[in-house]
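Student: To start, I am sharing the structure in question, which I have written as structure tokens.
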Amino acid sequence: MQKTLIGLVILGIVAAIAVAVNTLDMGGVTRQRERREPVDVSIYYGGEKSALLGNEAVRRILEHDYRITLDAQKAGSVEMATTLPVTGKDCIWPSNAVAVELAKRSGKTVLGEETIFNSPVVFYAWSEVADALAAKGVVSEKDGFLVADVARIGALIESGARWKEDLGVNVYGRFKISSTHPAKSNSGNIWSALLATTLNGGETPVPGDLPGLLPKITDYFAQMGHMEASSGDIFENFLKQGLGARPIIVGYENQLVEFLTANADYEELIKTKIRVIYPEPTIFASHPLISLTDHCKRLAEALVDPALQRIASAEHGFRTGLIGVENDPADIGVAALPETITFVAPMPSAEVMEAVISAVR
Amino acid sequence: MSGKATARKKAALLIAIVALVAFVILGQIPGGPRTQLSIVSGSENEGLEPIIAEWAEKNRVDATVTYLGSVDISREISKGAETDFDAVWPANSLWIELGDTQKVVKHRESILRSPVVLGLKRPIAEKLGWVGRDDITIQMIQEAATAGAFRLAMTSATQSNSGASAYNGFLYALSGDPDLLTMEDLEDPEVQAGVKSLLAQVDRSSGSSGWLKESLVENPAAYDAMINYEAMVLEANLALETAGQEPLYIVYPANGLSVADSPLGMIDKGDPDKEEAFLALQKHLLSPETQESLVAAGRRAGLIGLSASANDEIWNPAWGADPDRAIAPVPTPSTEVIAEALRLYQTELRKPSLTVWVLDVSGSMEGEPLAQLKQAMGLLLDPAAAAVNLLQPSSRDVTIIIPFNHETQKPTVVEGGESTDLAAALQRVNTLEAGGGTDLYYAIFQAFETLKPYNEAGTLFDYLPAIVAMTDGASDVINREPLLSYMNDLGFGRDVPIHAISFGAADEAQLKELNQETVGRLFNAGSDLAKALRSAKGYN
């Protein structure tokens, strides 16, 4: 009997809400606001943006403010621009500026492209490792941030320096910087580009430099053994498995910001144990939204919405830098980032990167 | 029908609908129907089951955990979405990468870490001068074991991750600590000879890390040293001290060291309820509170680094536990090198096994049980089928088959892994017929008799000897006493483990007694005899 009564109450509430909703709709209240037709947008995106697209506030902006029903599927940046069929996709959102060129070269109809935000490639190192590299003159402090001379890193790699014997760090084997697989994942791919530039005497390599460069690059990556396929995985393994397994890795600047946003309890430990080192030069991972159909326009508009850009910067550590959008690293509560990155190398051409990718595959 | 009656009926119907709706809604209020979550895990996580059980109870999830060796977990993953399990928790990511050819494992995250170490009885460690040292190499361990300073136990490299990790470390150390282990290192005859002689020192083997630890705790006198996870040595020490036994001293090898990363991943079957339950469980395991309790259970946890807390009782410095020690593992070789190393282990380098299979063909085995038995023996004796499961016999293995009912038949002996010899043995197994009574004790006596010549020639312990009894019915006990006193007088009767694989109605008390007498293990064939057989074989 009691259940029936409660049931009636529940039913009453449900009915009241239904009537209210109906009335509101019938009254045209919602239509008084300028609402657009809903749109379905189907995309491939690079895994670095998983957390951003999973952010509740971002989803609200997309769904509520722009009425976008987003069907987002994760894929490799190189893959989505080249071999992956894109039938039915409205946009692709890789993490690499070269992908625009690669997409055009592989015959895709590119209606437009817009860089949504950037994140420079950085090194993450355990503090003892950063200290040891500083003692070797490879790493130094500049305006309160650590920077690494990539030319000296290249020289250290070429000299065959060893962790224990030459750097005094209790780590197995030869000095190397761990990265993801350059043919599979974007951060590894950008690192291979940076390495190629370094081994080319600091000049961005052109096709004519390849015969001399490729053997050095393949030799370096053959020494790596097993390499992760995702930038998220290598960052997690770097932190969890400790100094001995991965003394220093290649990652994106925004990864640490995202980690600290999600794990505020670890802030102190991170500060004492982990160092962010900015390579000089570095290469930016750009995140161009490439339009394949007209449906992509709405998403492009939504992604540069100031509110969304602010979340991307403050909670996910991406550098937005669009005109009219405040992009002050001081907004990021959890980690201090340098205001500007001045020493940036360009990505080599798509042709050069294709040769590097197929050599290390 | 009058309008009034219709109205009343309508009212009654409305009340009934409302009652039904209310009942359904109320039924949902406590949290809805329970979600089923079936997890397959390495046996080293068995001690953590209460953490999962407590979470499951609070969250209305029916979580079941099945414990398998790493190779079996890898096989499960290779079934893709067809596997019965919803989540996998092997000791190392490697086994997911080797098995996940269909890319079904999602949300993989390392839950805890544990290095593979040598646990050694402290008086022996003291005698060797190894206490408080950080420069003990694999080569020194090899020398000491070869000189007879201790008996060494480890798990099978082709069945269990701790064995595979230790073996990988041996290969690195004996190849002269290369930056990366390559095919050329594996082909080097000197490296092969070195690893073979190190593996020849293994006195007891096991198919799983958790069972090796349990066996040592239950039979401390049968062991001097084991290679296992740091967490297993610490767990063993708690139990050993409680039982008034000498704990083990932890030696972290200075070279060839490996670390288990214990990843928990979900098998993607497109079920959002399971996914939600899985993610909630994973989040719970990675929460600061649970991570702290993992550290208190002897695991290295937390999201940053490999350090652990010295405040917890389990990280006892007197046991050699060193939570602050820098752990520098060897790099993981490429997948092709790993696959070749495992093949080499199984066919060339491991200590050869001498296994006596005692097969029950009494009347009650008629039909399905005998068919299963034949199928399972086919898995061992058909080289192609054996290779799939990394069970292939090496050229040095000896396989003896003794069928029995109330009488014991003549043994078939196969020396080596020649396919024609194996085929002939399989042919005999396939023609076996069921009938008669059961006298397991006499059959085991005969099994020992076949081992006697090896013992007299002094070669028995060049092998890992074992007797595996496969039986479905309670045995006649007339020969029980004579067998036990024969084993006492034999000299090596307690040094050969008697494992048993039981079918349906087997008298497990009888089998357990034999297992305990010899530090063997009982497997229940259950519905998958082949799997039980693989487990039993893993201990050889």
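Protein sequence lines correspond, in order, to chains G and B.
With the numbering used here, the residue at position 344 of the first sequence is 1071, and numbering never jumps.
With the numbering used here, the residue at position 9 of the second sequence is 67, and numbering never jumps.
Here a beta-carbon is modelled for each residue, glycine too, at the ideal position from N, C-alpha and C.
For Val-756(G), count neighbouring C-beta atoms within 10 Å of its own C-beta (all shown protein chains included) and say buried if the count is 16 or more, exposed if not.
Tutor: As a working note, residue 756(G) is residue 29 in the first sequence. Low per-residue confidence applies at Val-756(G): pLDDT is 40, beneath 50, and the placement is therefore not dependable, though the value from the model is reported in the following sentence. By the 10 Å Cβ count, Val-756(G) comes out exposed.
Student: For Glu-1078(G), which residues of its own chain have a beta-carbon under 7 Å away from its beta-carbon, when the five flanking residues on both sides are left out?
Tutor: If you number the first sequence from 1, residue 1078(G) lands on position 351. Excluding positions up to five away in sequence, the list reads Pro-934.
Student: Is Leu-780(G) helix, strand or coil when you go by DSSP?
Tutor: Taking the first residue of the first sequence as 1, we reach residue 780(G) at position 53. Here Leu-780(G) sits in helix by DSSP.
Student: Which value, in whole angstroms, describes the spacing of the CA atoms of Asn-150(B) and Thr-393(B)?
Tutor: If you number the second sequence from 1, residue 150(B) lands on position 92. If you number the second sequence from 1, residue 393(B) lands on position 335. If you take the alpha carbons of Asn-150(B) and Thr-393(B), they lie about 14 Å apart.
Student: Take Leu-1035(G) and list the residues in its own chain whose beta-carbon comes closer than 7 Å to its own, dropping the five residues that flank it on each side.
Tutor: For the purposes of this step, residue 1035(G) is taken as the residue at position 308 of the first sequence. Cβ within range, chain order: Val-785, Ile-788 and Ala-1029.
Student: With Gly-864(G) and Thr-925(G) assumed to form a contact (beta carbons below 8 Å), what rounded beta-carbon distance in angstroms separates them?
Tutor: In the first sequence, counting from the first residue as 1, residue 864(G) sits at position 137. In the first sequence, counting from the first residue as 1, residue 925(G) sits at position 198. Between Thr-925(G) and Gly-864(G) the Cβ distance is about 16 Å, and since that is not below 8 Å, they are no contact.
Student: Would you mind sorting Gln-200(B) into buried or exposed? The rule is 16 or more other CB atoms within 10 Å of its CB.
Tutor: By one-based count along the second sequence, residue 200(B) stands at place 142. Looking at its Cβ environment, which holds 16 or more other Cβ atoms inside 10 Å, Gln-200(B) is buried.
Student: Distance cutoff 8 Å, beta carbons only. Does Ala-852(G) sit that close to anything in chain B?
Tutor: As a first step, residue 852(G) must be located in the first sequence, where it is residue number 125. By this cut-off, Ala-852(G) is not an interface position.
Student: Between Glu-828(G), Val-848(G) and Asp-893(G), which has its C-alpha nearest Ala-859(G)'s C-alpha?
Tutor: For this step, residue 859(G) is matched to residue 132 along the first sequence. Out of Glu-828(G), Val-848(G) and Asp-893(G), Asp-893(G) has the C-alpha closest to the C-alpha of Ala-859(G).
Student: Please classify Ile-1068(G): does DSSP put it in a helix, a strand, or coil?
Tutor: As a first step, residue 1068(G) must be located in the first sequence, where it is residue number 341. DSSP places Ile-1068(G) in coil when its eight states are reduced to three.
Student: Among Gly-815(G), Val-896(G) and Ile-884(G), which one has its Cα closest to the Cα of Asp-1021(G)?
Tutor: Walking along the first sequence from the start, residue 1021(G) turns up at place 294. Closest by alpha carbon: Gly-815(G).
Student: Out of Pro-387(B), Leu-480(B) and Asp-370(B), state which residue places its alpha-carbon closest to the alpha-carbon of Gly-436(B).
Tutor: Residue 436(B) sits at position 378 when you count from the first residue of the second sequence. Of the listed residues, the one whose Cα sits closest to Gly-436(B) is Leu-480(B).
Student: Tell me whether Gln-86(B) sits in a helix, a strand or coil according to DSSP, three-state version.
Tutor: By 1-based counting over the second sequence, the position of residue 86(B) is 28. The predicted model places Gln-86(B) with a pLDDT of 48, which falls under 50 and marks its position as unreliable; any figure quoted below should be read in that light. Reduced to three states, the DSSP call for Gln-86(B) is helix.
Student: Among Gln-968(G), Arg-1037(G) and Ile-975(G), which residue has its Cα nearest to the Cα of Ser-316(B)?
Tutor: Within the second sequence, residue 316(B) is the residue found at index 258, counting from 1. With distances taken between Cα atoms, Ser-316(B) lies closest to Gln-968(G).
Student: Using alpha carbons as the reference points, say which of Glu-140(B), Thr-93(B) and Asp-547(B) lies closest to Arg-118(B).
Tutor: In the second sequence, counting from the first residue as 1, residue 118(B) sits at position 60. Per the Cα distances, Thr-93(B).
Student: Along chain B, which residues have their Cβ under 9 Å away from the Cβ of Tyr-793(G)?
Tutor: The sequence position of residue 793(G) within the first sequence is 66, counting from 1. Result: empty, since nearest Cβ-Cβ is about 25 Å, beyond 9 Å.
Student: Leu-292(B) to Glu-347(B), Cα distance in whole Å?
Tutor: Here residue 292(B) refers to the residue found at position 234 when the second sequence is read from its first residue. Here residue 347(B) refers to the residue found at position 289 when the second sequence is read from its first residue. In a straight line, the C-alpha of Leu-292(B) is about 21 Å away from that of Glu-347(B).
Student: Which value, in whole angstroms, describes the spacing of the CA atoms of Leu-509(B) and Leu-518(B)?
Tutor: Taking the second sequence and counting its residues from 1, the one referred to as residue 509(B) is at position 451. Taking the second sequence and counting its residues from 1, the one referred to as residue 518(B) is at position 460. Each residue's alpha carbon lies about 7 Å from the other.
Student: I need the straight-line Cα distance from Val-526(B) to Val-414(B), nearest angstrom please.
Tutor: On the second sequence, residue 526(B) is found 468 positions in, with the first residue counted as 1. On the second sequence, residue 414(B) is found 356 positions in, with the first residue counted as 1. Each residue's Cα considered, the two are about 6 Å apart.
Student: Pick out whichever of Ile-285(B), Gln-433(B) and Glu-245(B) has its Cα sitting closest to the Cα of Ser-223(B).
Tutor: Here residue 223(B) corresponds to residue number 165 of the second sequence, with the count starting at 1. With distances taken between Cα atoms, Ser-223(B) lies closest to Ile-285(B).
Student: Mind checking if Arg-171(B) is an interface residue toward chain D, Cβ cutoff 8 Å exclusive?
Tutor: In summary, chain D is missing from the structure at hand, where the protein chains are G and B.
Student: Output yes or no for whether 8 Å exceeds the beta carbon distance between Gln-450(B) and Thr-405(B).
Tutor: Reading the second sequence from its first residue, position 392 is the one you call residue 450(B). Reading the second sequence from its first residue, position 347 is the one you call residue 405(B). For Gln-450(B) and Thr-405(B), yes; Cβs fall inside 8 Å.
Student: From the beta carbon of Glu-167(B), is the nearest beta carbon of chain G less than 8 Å away?
Tutor: Position 109 of the second sequence, counting from 1, holds the residue named residue 167(B). Taking Cβ atoms only, chain G reaches closer than 8 Å to Glu-167(B), which makes this a yes.
Student: Kindly provide the ranges of any alpha helix (DSSP H) runs that are 4 or more residues long and lie completely inside the segment 129-182 of chain B, ordered along the chain.
Tutor: Within the segment 129-182 of chain B, the complete alpha helix (DSSP H) runs of at least 4 residues are 151-157.
Student: Could you tell me whether any non-hydrogen atom of the ligand GTP is closer than 7 Å to the CB of Arg-1088(G)?
Tutor: With respect to the ligand GTP, the structure offers nothing, as it holds no ligand at all.
Student: What's the gap between the Cα of Ser-477(B) and the Cα of Leu-156(B)?
Tutor: Here residue 477(B) is taken as the residue at index 419 of the second sequence, counted from 1. Here residue 156(B) is taken as the residue at index 98 of the second sequence, counted from 1. Answer to the nearest angstrom: the Cα atoms are 28 Å apart.
Student: Under the three-state reduction of DSSP, which class applies to Gln-950(G): helix, strand or coil?
Tutor: Indexing the first sequence from 1 puts residue 950(G) at position 223. The answer is coil: DSSP assigns Gln-950(G) none of H, G, I, E or B.
Student: Looking at the C-beta of Gly-363(B), does it have a partner C-beta in chain G at a distance below 8 Å?
Tutor: In the second sequence, counting from the first residue as 1, residue 363(B) sits at position 305. Yes, Gly-363(B) lies at the interface with chain G (some Cβ there is under 8 Å from its Cβ).
Student: Please return the same chain residues whose Cβ sits closer than 6 Å to the Cβ of Glu-514(B), not counting the five positions on each side in sequence.
Tutor: Here residue 514(B) is taken as the residue at index 456 of the second sequence, counted from 1. Hits under 6 Å: none found.
Student: Taking only beta-carbon positions, decide if Asn-897(G) is within less than 8 Å of chain B.
Tutor: Position 170 of the first sequence, counted from the first residue, corresponds to residue 897(G). Asn-897(G) counts as touching chain B.
Student: Between Ile-1068(G) and chain B, is there a C-beta pair that is closer than 8 Å?
Tutor: In the first sequence, residue 1068(G) corresponds to position 341, counting from 1. False, the Cβ-Cβ gap to chain B never drops below 8 Å.
Student: Find the residues of chain B that neighbour Glu-963(G), judging by a C-beta separation of less than 9 Å, and give them in chain order.
Tutor: In the first sequence, the residue the question calls residue 963(G) occupies position 236. In chain order: Glu-167, Ser-168 and Leu-361.
Student: Cβ atoms of Pro-461(B) and Leu-428(B): under 8 Å apart, would you say?
Tutor: Residue numbering aside, residue 428(B) sits at position 370 when the second sequence is read from its first letter. Residue numbering aside, residue 461(B) sits at position 403 when the second sequence is read from its first letter. In this structure, Pro-461(B) does not lie closer than 8 Å to Leu-428(B) by Cβ.
Student: Where does Gly-1051(G) fall in DSSP's three states?
Tutor: On the first sequence, residue 1051(G) is found 324 positions in, with the first residue counted as 1. No answer about Gly-1051(G) holds up, because its pLDDT of 39 lies below 50 and its placement is not dependable.
Student: Considering only residues of the same chain and omitting the five flanking positions on each side of Phe-986(G), which have a CB-CB separation below 8 Å?
Tutor: The residue labelled residue 986(G) in the question sits at position 259 within the first sequence. Correct list, in chain order: Phe-962, Leu-966, Tyr-993 and Ile-997.
Student: Can you pull out the residues from the segment 375-391 of chain B whose beta carbon lies closer than 8 Å to at least one beta carbon of chain G?
Tutor: So the close ones are Ala-384, Ile-385, Ala-386, Pro-387, Val-388, Pro-389, Thr-390 and Pro-391.
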